[in-house]
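Just below is one structure, and these are the notes that go with it.
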Amino acid sequence: MNRRAKRGRRAETLAAWLLRLKGYRVLARGFAIGRGRGAGEVDLIVRRGAVLALVEVKARASLENAAAAITPSQQERYRRAAQAFLAGRSDLAGCAVRFDVVLVAPGRFPRHISDAWRMEA
Numbered sequence: 001m002n003r004r005a006k007r008g009r010r011a012e013t014l015a016a017w018l019l020r021l022k023g024y025r026v027l028a029r030g031f032a033i034g035r036g037r038g039a040g041e042v043d044l045i046v047r048r049g050a051v052l053a054l055v056e057v058k059a060r061a062s063l064e065n066a067a068a069a070i071t072p073s074q075q076e077r078y079r080r081a082a083q084a085f086l087a088g089r090s091d092l093a094g095c096a097v098r099f100d101v102v103l104v105a106p107g108r109f110p111r112h113i114s115d116a117w118r119m120e121a
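Sequential numbering of the sequence shown, starting at 1, is according to UniProt numbering.
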């Protein structure tokens, strides 16, 4: 595993612990659909009560750079991955679905942004 991948995995682990401390239960890590350009992967899928959050984790040199790294095409891939995940989980049908982001930067406390964007119909 290269340095970038290791940094990403460490950031995902840190984000998962942060969310657990906030009362979320981790349902999945690295949920992927498809291959190639149209593929999508959700870093973390967590649940707290009737809220299901699909979480993008971004690790960069600063929190500002991490926030700027989320593109509209990534959001669209997340939407597709969310639909695929939910299609196979009838037990989650009553949950409100939202997209969260956890920003990670060296020497800073991770920042959790709830409801960072919405799934379009």
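Note that beta-carbon positions come from the ideal geometry of N, C-alpha and C, so glycine has one too.
Since the model is a prediction, treat every value here as computed from it, not as a measurement.
When the distance is taken between beta carbons, is residue j closer than 7 Å to residue i?
i     : j     : result
Val42 : Ala11 : no
Cys95 : Ala50 : yes
Ala59 : Gly8  : yes
Ile33 : Ala84 : yes
Leu44 : Ala16 : yes
Arg77 : Gly40 : yes
Arg25 : Arg47 : yes
Would residue i be called buried (16 or more neighbouring beta carbons within 10 Å of its own) or exposed?
i      : result
Asp100 : buried
Ala68  : exposed
Which residues in the same chain have their Cβ closer than 8 Å to the Cβ of residue i, if we skip the five residues on either side of it in sequence?
i      : result
Gln74  : Glu56
Ala82  : Val42, Leu54, Val97, Phe99 and Met119
Pro106 : Ala61
Taking the alpha helix (DSSP H) that residue i falls in, what are its first and last residues?
i     : result
Ser73 : Pro72 to Ala87
For residue i, report the span of its beta strand (DSSP E) as first-last.
i     : result
Leu44 : Gly40 to Arg48
Ala32 : Arg25 to Ile33
Starting from the C-beta of residue i, find all residues in its chain whose C-beta is less than 7 Å away, skip the five residues before and the five after it, and write them out in chain order.
i     : result
Leu92 : Leu52 and Leu86
Residues bridged to residue i by DSSP?
i      : result
Phe109 : Looking at the DSSP assignment, Phe109 forms no beta bridge with any residue, so it has no partner.
Leu52  : Arg47 and Val97
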